[in-house]
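J.: Once you've had a glance at the structure underneath, I'll fire off some questions.
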Amino acid sequence: MENIIITAIVFVIGLVIGSFSNVCIYRIPRNESLIRPGSHCPQCSKPIQFYDNIPVISYMILQGKCRYCGKQIPFQYPLVELLTGLLYLSFYLFFGLQLVTFVYMLLGTVLIIITFIDLKEKIIPDVVSYPFIIIGFLFSFFRKDLTPMNSFLGILAGGGSLFLIAVAGTYLFKKEAMGGGDVKLAAMIGAFLGWQLTLLSLFFGFFLGAIIGIIVLVLSKGKSEIVPFGPFIAVGTIIAIFWGQNIINWYLMI
160 MENIIITAIV FVIGLVIGSF SNVCIYRIPR NESLIRPGSH CPQCSKPIQF
210 YDNIPVISYM ILQGKCRYCG KQIPFQYPLV ELLTGLLYLS FYLFFGLQLV
260 TFVYMLLGTV LIIITFIDLK EKIIPDVVSY PFIIIGFLFS FFRKDLTPMN
310 SFLGILAGGG SLFLIAVAGT YLFKKEAMGG GDVKLAAMIG AFLGWQLTLL
360 SLFFGFFLGA IIGIIVLVLS KGKSEIVPFG PFIAVGTIIA IFWGQNIINW
410 YLMI
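The numbering used here numbers the first residue of the sequence shown as 160 and each following residue consecutively.
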């Protein structure tokens with residue numbers, strides 16, 4: 160019974176953090192305060208009452224529309240809330256109640272925020288990446304699974320590898336091959352995961368990016384379409400967190 164209660168609490172906390180993540184996704188690219196004004200409809204600017212701000216449930220009750228102006232509320236809002244809740248739940252069930260679980264919850268939240276900003280705005284804001292490079296490194300002093308040296312090497316491996324790819328790609332193709340935001344995102348991931356899991360995250364990210372890129376190219380009939388790389392790095396990171404160490408151990412045994 161106790162485990163069921165804790166599981167439910169973790170999921171609800173994830174939903175609430177997901178609701179705040181939506182605020183970050185909307186306001187950070189616009190350089191707006193995350194605190195003031197309070198939650199409001201972006202269409203009519205009417206303040207959203209607490210009973211209309213319950214994660215997922217309020218969206219369903221209001222049928223995805225603002226109570227005041229009737230404009231459609233983007234499906235992104237309940238989607239981000241559900242993704243965050245399910246991610247928190249998965250981390251708890253996989254790792255239990257320990258420091259690394261909360262570290263991964265924090266990283267997962269940041270990755271969701273970055274993913275949706277990158278999908279919408281085609282940018283990865285430095286105001287998100289830079290602080291969490293430092294935060295990820297500081298956490299390494301208290302973790303049993305990651306040393307400060309490994310965290311530092313992760314920053315170098317993640318940011319450095321993408322920086323070299325960006326420079327080489329720009330030289331070969333005579334245009335920007337990779338944005339600086341992706342480089343800083345990889346460095347941030349390195350601070351949290353260390354160099355081995357970070358390189359594995361990037362491998363998964365490139366693999367998924369290549370597949371989706373080919374599909375987009377085919378569907379767009381050869382037209383040039385910008386496909387942000389940040390979301391693929393984020394998905395690759397989540398895969399590496401859950402199964403990366405097992406994959407590395409399997410590879411070393413071959």
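Built from N, CA and C at the ideal position, the CB exists for glycine as well.
Here the structure is a predicted model, which is why all the values come from computation and not from measurement.
Measuring alpha carbon to alpha carbon, tell me which of Lys303, Gly368, Ile187, Val182 ends up nearest Gln257.
T.: The shortest Cα separation from Gln257 among Lys303, Gly368, Ile187, Val182 belongs to Lys303.
J.: Can you name the start and end residues of the alpha helix (DSSP H) that Arg186 belongs to?
T.: 161-186
J.: Looking at C-alpha atoms only, which residue of Ser360, Asn408, Gly313 is the closest neighbour of Val394?
T.: Ser360
J.: For Cys183, count neighbouring C-beta atoms within 10 Å of its own C-beta (all shown protein chains included) and say buried if the count is 16 or more, exposed if not.
T.: buried
J.: List in chain order: all unbroken alpha helix (DSSP H) runs of 4+ residues lying wholly within the segment 287-362.
T.: 307-332
J.: Relative to the C-alpha of Pro233, which candidate in Ile373, Gly328, Gln208, Gln202 has its C-alpha closest?
T.: Gln202
J.: Is the separation between the beta-carbon of Gly372 and that of Gly340 shorter than 8 Å?
T.: Not in contact: Gly372 and Gly340 (Cβ atoms no closer than 8 Å).
J.: Quick check on this structure: which residue in Ile207, Val239, Ile176 has the alpha carbon closest to the alpha carbon of Lys224?
T.: Ile207
J.: Grouping DSSP H, G and I as helix and E and B as strand, with all else coil, what is Gln231?
T.: strand
J.: Suppose you measure from the CA of Met264 to the CA of Arg226; what does that come to, to the nearest Å?
T.: 32 Å
J.: Is the beta carbon of Thr274 sitting closer than 8 Å to the one on Ile176?
T.: no
J.: Over what stretch of residues does the alpha helix (DSSP H) that includes Lys279 continue unbroken?
T.: 258-280
J.: Less than 7 Å between C-beta atoms, sequence neighbours within five positions excluded: which residues of the same chain meet that for Ala350?
T.: Ile292, Gly295, Phe296, Ser310, Gly313, Ile314
J.: On the DSSP bridge list, what partners appear for Lys109?
T.: The shown model of the chain, from 160 to 413, leaves out residue 109, and the question about it has no answer.
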